[in-house]
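Residue numbers (our numbering): 350 to 479.
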């Protein structure tokens, strides 16, 4: 339950960061203010939108980092609980590989019967020396 809440907050924060970054102006947009287009920033006050948007983006990024850390800790605790599921540990796998005998490759013996692989319509028949 707690993981779901943190995950939902994490996703909302990610979307908020994307939205606030998209609203911010680039560094080159400040040059337009000196040519008379600076009046568009009066919605956020005389200091412009940069201070409000950049501060909010920094807060959202910090909260996003905290939720990422929380999800990582929760995932680690959940992964440690899976050791009781019968999945062998690395030490057990190495011991099994060490104790398992090597299997030699199969090589056909020389007394195996040969099959006639001609192109006739009759099926191939094993020929023996009877």
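Note that CB positions come from ideal geometry on N, CA and C, so glycine has one too. Note that this is a predicted model, so its numbers are computed, not measured.
Under the three-state DSSP convention, the category residue i falls into
i, result
"residue 371", "helix"
"residue 417", "helix"
"residue 438", "coil"
"residue 350", "coil"
Exposure of residue i, with buried meaning 16 or more beta-carbon neighbours within 10 Å
i, result
"residue 411", "exposed"
"residue 369", "buried"
Member of the options whose CA lies at the smallest distance from the CA of residue i
i, options, result
"residue 409", "361, 353 and 446", "361"
"residue 402", "375, 418 and 416", "375"
Contact set for residue i: own chain, Cβ-Cβ below 8 Å, skip 5 residues either direction
i, result
"residue 420", "352, 355, 356 and 359"
Contacts around residue i, its chain only, beta-carbon distance under 6 Å, and the 5 residues preceding and following it disregarded
i, result
"residue 365", "409"
"residue 405", "369"
"residue 423", "352"
Spatial neighbours of residue i in its chain, beta-carbon cut-off 7 Å, leaving aside the 5 residues before and after
i, result
"residue 416", "355, 358, 359 and 362"
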